[in-house]
Ligand SMILES: *Cc1c(COP(=O)(O)O)cnc(C)c1O
């Protein structure tokens with residue numbers, strides 16, 4: 041017996057989503073972004089599932105990359121934010137990690153580093169996101185400095201990142217593409233622009249390398265439904281079970297603060313999942329869960345270990361019934377929307393308290 045909150049990871053769906061990203065951009069190579077523990081899905085098992093398909097992985101730090109190396113992942117791994125301190129550089133070179141270079145301080149660190157082998161570098165250009173990247177005006181001089189340092193391999197890839205590619209009706213992505221093309225036109229180097237949203241919605245952004253993150257996990261990053269995003273298969277299912285059931289009278293309050301008040305005699309199910317598992321504490325009463333194939337809504341505040349749900353309309357409900365918090369039949373995006381956030385955040389913040397199970401050949405929930 042065990043507490044019933046669980047994560048189920050459909051690794052076959054992960055591979056199918058990766059192949060979809062490749063088929064949408066047949067002229068590009070597709071890097072698999074598995075930072076933040078593969079957006080909460082388990083970086084090592086996701087990398088192992090993709091090891092025969094993905095030529096390169098992308099992560100946010102050397103710690104994340106070394107964890108993959110220790111698990112036997114041999115592919116190049118791109119550090120998307122570059123190095124944080126100069127002492128990382130010899131290890132980055134030795135471990136065949138690829139390095140984003142996004143500010144002049146990182147260029148200084150690279151030029152003065154003592155590396156046994158040249159670093160594989162990508163230069164990130166700020167084309168409008170204004171978070172990371174060299175300004176277009178800095179690029180020619182810093183590019184030359186890197187090459188002359190002798191510490192970098194001669195093939196440098198130019199990259200940029202989009203601020204609004206999820207908005208399929210906003211032309212800022214096209215402005216960023218034009219800015220990027222202008223900034224790199226004097227160089228004959230490989231390029232990389234597209235994240236998941238741009239892979240799905242902006243074919244003009246497909247380049248030598250695309251960087252697929254969120255879509256690998258089977259959820260759409262777009263603000264509008266497209267044909268391509270209907271083919272995505274959710275990878276994570278978060279489930280638990282009903283651990284208690286009770287009748288309440290009209291006028292009774294449920295949970296901390298008695299925030300939810302029954303407007304009629306109601307059946308309340310208590311489910312073993314809470315903010316201590318990473319379920320969002322700010323989830324309002326409209327937030328859906330799925331029980332016996334039917335939707336039911338939260339009733340009252342999310343506790344650390346439990347939620348309460350109004351199941352009055354589900355006549356056959358019983359203690360022990362499985363509950364889907366999100367997954368294949370209930371999109372994490374829908375839960376996120378109710379909570380005023382995005383699916384990315386809900387997926388990445390599930391805590392290690394919730395046991396995770398991998399399904400290499402997929403699963404179907406009834
Ligand atoms: C996280 C990240 C991505 C992946 O973005 P998604 O929206 O998850 O596809 C791509 N590029 C960079 C630089 C990133 O940091």
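Numbering (our numbering), first residue to last: 41 to 406.
Glycine included, C-beta positions come from ideal geometry on N, C-alpha and C.
Fill in: Between the CA atoms of residue 163 and residue 46 - distance to the nearest angstrom
Across the structure, residue 46 and residue 163 are spaced so that their CA atoms are roughly 40 angstroms apart.
Worksheet item: What are the boundary residues of the alpha helix (DSSP H) that includes residue 57?
Response: Start and end: 51-64.
Worksheet item: Less than 9 angstroms separating the beta-carbons of residue 50 and residue 403?
Response: Going by C-beta atoms, residue 50 is nearer than 9 angstroms to residue 403.
Discussion item. Could you tell me the alpha carbon to alpha carbon distance between residue 147 and residue 224, rounded to whole angstroms?
Written reply: If I take the Cα positions, the gap works out to 18 angstroms.
Item to complete: Report back the beta-carbon spacing between residue 381 and residue 320 to the nearest angstrom; my notes put them in contact at under 8 angstroms.
Response: At roughly 7 angstroms, the Cβ-Cβ gap stays under 8 angstroms, so residue 381 and residue 320 are in contact.
Worksheet item: From 208, 184, 332, pick the residue whose C-alpha is nearest to that of residue 269; which is it?
Response: Here the closest residue by C-alpha is 208.
Worksheet item: In or out: residue 75 buried (at least 16 other Cβ within 10 Å) or exposed?
Response: Using a 10 angstroms sphere on the CB of residue 75, the tally of other CB atoms reaches 16 or more, which defines it as buried.
Worksheet item: Grouping DSSP H, G and I as helix and E and B as strand, with all else coil, what is residue 149?
Response: It is helical.
Discussion item. Judging by CA-CA distance, which residue of 386, 216, 253 is the nearest neighbour of residue 168?
Written reply: Checked all of 386, 216, 253; the closest Cα to residue 168 is 216.
Discussion item. Quick check on residue 67: buried or exposed, where buried means 16 or more other Cβ atoms within 10 Å of its Cβ?
Written reply: That one is exposed.
Fill in: Nearest candidate by alpha-carbon position, reference residue 297, set 372, 340, 260
Among 372, 340, 260, the Cα nearest to that of residue 297 is on 340.
Practice prompt. Pick helix, strand or coil for residue 207, following the three-state DSSP scheme.
Written response: Of the three classes helix, strand and coil, the one that applies to residue 207 here is coil, per DSSP.
Discussion item. I'd like to know whether the C-beta atoms of residue 276 and residue 80 end up nearer to each other than 9 angstroms.
Written reply: Yes, Cβ-Cβ distance for residue 276 and residue 80 is below 9 angstroms.
Item to complete: Under the assumption that residue 165 contacts residue 220 (Cβ atoms under 8 angstroms), give the Cβ distance between them as a whole number of angstroms.
Response: Rounded, the Cβ-Cβ distance is 6 angstroms, consistent with contact.
Worksheet item: Can you give the Cα-Cα distance for residue 384 and residue 262, rounded to whole angstroms?
Response: Distance between the alpha carbons of residue 384 and residue 262 is about 12 angstroms.
Practice prompt. Would you decide whether residue 114 is buried or exposed? Buried here means 16 or more other CB atoms lie within 10 Å of its CB.
Written response: It is exposed - the Cβ of residue 114 has fewer than 16 other Cβ atoms within 10 Å.
Worksheet entry | Test item, CB below 5 angstroms from any non-hydrogen atom of ligand 1 | Working through the chain, the matches are 73, 120, 201, 235, 236, 251, 253, 254.
Worksheet entry | Minimum length 4: unbroken alpha helix (DSSP H) runs contained in the stretch 57-130 | If one requires a minimum length of 4 residues, the alpha helix (DSSP H) runs lying completely within the stretch 57-130 are 75-80, 83-90, 102-110, in chain order.
Worksheet item: Going by beta carbon distance, what residues of the same chain come within less than 6 angstroms of residue 230, once the five residues before and after it are set aside?
Response: Correct list, in chain order: 197, 248.
Fill in: Which residues DSSP lists as bridging residue 140, in chain order
162, per the DSSP bridge assignment.
Discussion item. Can you give me the C-alpha to C-alpha distance between residue 233 and residue 54, rounded to a whole angstrom?
Written reply: Between residue 233 and residue 54, the alpha-carbon positions lie close to 22 angstroms from each other.
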